[in-house]
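Residue numbers (the working numbering), protein chains in the order written: chain A, 1 to 157; chain B, 1 to 191. No residue lacks a Cβ here, since even glycine has one placed at the ideal position from N, Cα and C. Here the structure is a predicted model, which means the values were calculated and not measured.
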Amino acid sequence: MAKFRKKKSGGQQAINTASLPDIVFMLLFFFMVSTTMKEVDMKVQIKPAQATELATLEKKELVTFIYVGVPAKKFQALYGSEPRIQLNDQFATVPDIQSYIAQSRDAMRESDQPKMTVSIKADRECPMGVITDIKQALRKAAALKINYSAAEMVKNR
Amino acid sequence: MSKREVQEVNAGSMADIAFLLLIFFLVTTTMDTDTGLARLLPPPVEEEPEDTPPIKERNVFTVLINSQNQLLVEGRPMEIRDLTEATKEFILNPLDDEKLPEKKEIEVELLGVQEVTKGVISLQNDRDTEYQTYLMVQNELQRAYNELRDDLAKRKFGKTYEELEKEEQKAVRSVFPQKISEAEPKNIGGN
């Protein structure tokens, strides 16, 4: 004969929550890992250009970014639809680049300063005029190591 | 109807599952790495030096990109996909063509005496050239160099350029130094 347990008098049984901390920790770790710390608020739209012979930018702390592209929809009333430069969180013009570079260079450790790299993230349809101006400004600011940001080409030619 | 008691689920292995998932995500999540083409800008010049020694016509490989994103290489229109081969031929000059650049022999560590080209690639673009086209041209030039370096590395060391030691890479680089000169852009295309 099978044994029968005592029947409880109604009421829902509590779910075991012993593993809840595990799940919470897991989520915590996941977000800690996948979140990049300070992602700049993008004010320009950038569709990355594509290339095949790519090199990876390794040390993040050595890299300064310059974004170039058409202002996002909500800024177009104010800034127009011509490609603009974004430094940090602000729209900028070419003459601002020198002080921006000087600033980010000062923020670096002295031993790292010669290794400073400037990454130009430009929209693929952006005309070269803007980028040439940026390059000239970078030369004047003595930031000679640059990197044209590009994504891996999707299809083979 | 008899009500059965809800059986307790064994939660002992829950932690294992959680850790398994955690490790899975840890391994598979990439931190959105930035990639791109690395370039070195020329240092700023105070004023144009007055008499720079002229570079012989045969030693210059001119690549022009116009505002319609078309290529003119050494005076002839060219498709971007043909640029790599043309560049490699220019750098190597395998048949010692009179029109292609001169070579000089230099002593390279680890590799012995090597012929190194005197050629320079001159790249000029219009202000209205699209960034993507410019980048593709840079990309093809880079590909030419990468392929040449890889060839040499395989011939001499039996490995690809990427796999070489620092010293060996340096030796290979000095045989195929990247010489790309960029002229100030012109605004010929107009708007």
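Residue(s) in a DSSP beta bridge with residue i
i: G11 (chain A); result: Bridge partners of G11 (chain A): none, in fact.
i: M78 (chain B); result: B:L71
i: R39 (chain B); result: A:I146
i: T56 (chain A); result: B:T35
i: V116 (chain B); result: B:K104
i: V63 (chain B); result: B:V73, B:L123
i: P177 (chain B); result: DSSP output for P177 (chain B) lists no bridge partner at all.
i: V9 (chain B); result: Answer is none; V9 (chain B) lacks a bridge partner.
Proximal chain A residues relative to residue i, where beta-carbon distance stays under 8 Å
i: E130 (chain B); result: R124, E125, C126, P127, M128
i: P43 (chain B); result: R139, A142, L144
i: L40 (chain B); result: L144, K145, I146
i: V9 (chain B); result: N16
Interface residues of chain B facing residue i [CB-CB closer than 9 Å]
i: P152 (chain A); result: Rather than Pro, the amino acid found at residue 152 (chain A) in this sequence is Glu. In chain order: T35.
i: S119 (chain A); result: D34, G36
Chain-ordered chain A contacts of residue i [CB-CB under 9 Å]
i: N196 (chain B); result: Since the first residue shown for chain B is 1 and the last is 191, residue 196 (chain B) is missing from the structure and cannot be characterised.
Reference residue i, options the options, closest by Cα
i: M136 (chain B); options: A:F29, A:K145, A:A107, A:A151; result: A:A151
i: T35 (chain B); options: A:K59, A:T17, A:Q45, A:L28; result: A:K59
i: R149 (chain B); options: B:V116, B:Q68, B:N125; result: B:V116
i: A38 (chain B); options: A:T132, A:I46, A:S119; result: A:S119
i: L100 (chain B); options: B:V120, B:G158, B:K156; result: B:V120
i: I97 (chain A); options: A:M116, A:I85, A:S111, A:A18; result: A:I85
i: D123 (chain A); options: B:V175, B:F90, B:Y134; result: B:Y134
i: R139 (chain A); options: A:A55, A:S99, A:D112; result: A:S99
i: A171 (chain B); options: B:N125, B:E130, B:V113, B:I180; result: B:V113
i: E74 (chain B); options: B:D96, B:Q124, B:Q7, B:K156; result: B:Q124
i: P177 (chain B); options: B:L20, B:Q68, B:V108; result: B:V108
i: N88 (chain A); options: A:P21, A:V44, A:L54, A:E110; result: A:V44
i: N16 (chain A); options: B:V9, B:R127, B:D16; result: B:V9
i: L78 (chain A); options: A:F91, A:D22, A:G11, A:I66; result: A:F91
i: L144 (chain A); options: B:I17, B:L41, B:V45, B:L20; result: B:L41
Boundaries of the beta strand (DSSP E) in which residue i is found, first to last residue
i: R84 (chain A); result: 84-87
i: Y161 (chain B); result: Neither: Y161 (chain B) is in no beta strand (DSSP E) and is coded neither H nor E.
i: V118 (chain A); result: 117-122
i: E105 (chain B); result: 103-108
i: T64 (chain A); result: 63-71
i: L192 (chain B); result: Because chain B here runs from 1 to 191, residue 192 (chain B) falls outside it and cannot be looked at.
i: E182 (chain B); result: 180-182
Contacts of residue i in chain B (Cβ-Cβ under 7 Å)
i: I23 (chain A); result: A18
i: A49 (chain A); result: Y131, Q132, L135
i: K115 (chain A); result: Chain B residues near K115 (chain A): none, gap ~12 Å exceeds 7 Å.
i: K135 (chain A); result: L41
Proximal residues of chain B, C-beta to C-beta of residue i below 8 Å
i: E53 (chain A); result: L37, N139, Q142, R143, N146
i: S149 (chain A); result: D34, T35, G36
Delimiting residues of the alpha helix (DSSP H) encompassing residue i
i: Q242 (chain A); result: Past the boundaries of the shown model lies residue 242 (chain A); chain A is included only from 1 to 157, so the question cannot be answered.
i: R143 (chain B); result: 131-157
i: A92 (chain A); result: No alpha helix (DSSP H) contains A92 (chain A), which is instead part of the beta strand (DSSP E) from 90-92.
i: I97 (chain A); result: 96-106
i: D137 (chain A); result: The residue you asked about is not Asp; residue 137 (chain A) is Ala in the sequence shown. Start and end: 128-140.
i: A49 (chain A); result: That residue, A49 (chain A), is in no alpha helix (DSSP H); it is neither H nor E in DSSP.
i: L78 (chain A); result: 76-79
Interface partners of residue i on chain A, CB under 7 Å
i: L21 (chain B); result: M26
i: V6 (chain B); result: Q13
Within-8 Å CB hit, residue i to chain E
i: I131 (chain A); result: Note that chain E does not occur in the displayed structure, where the protein chains are A and B.
Point to revise | Three or more C-beta pairs below 8 Å linking the region 56-74 of chain A and the region 158-173 of chain B | key: Segments in contact, no.
Exercise for review: Assess, as a yes-or-no matter, whether the region 96-103 of chain A is touched by the region 103-114 of chain B under the definition of 3 or more beta carbon pairs within less than 8 Å.
Suggested key: Touching, no, given that fewer than three Cβ pairs across the two stretches are closer than 8 Å.
Review point. Would you call the region 82-92 of chain B and the region 128-143 of chain B in contact, with 3 or more CB pairs under 8 Å?
Key: Yes: the two stretches touch, three or more of their Cβ pairs being nearer than 8 Å.
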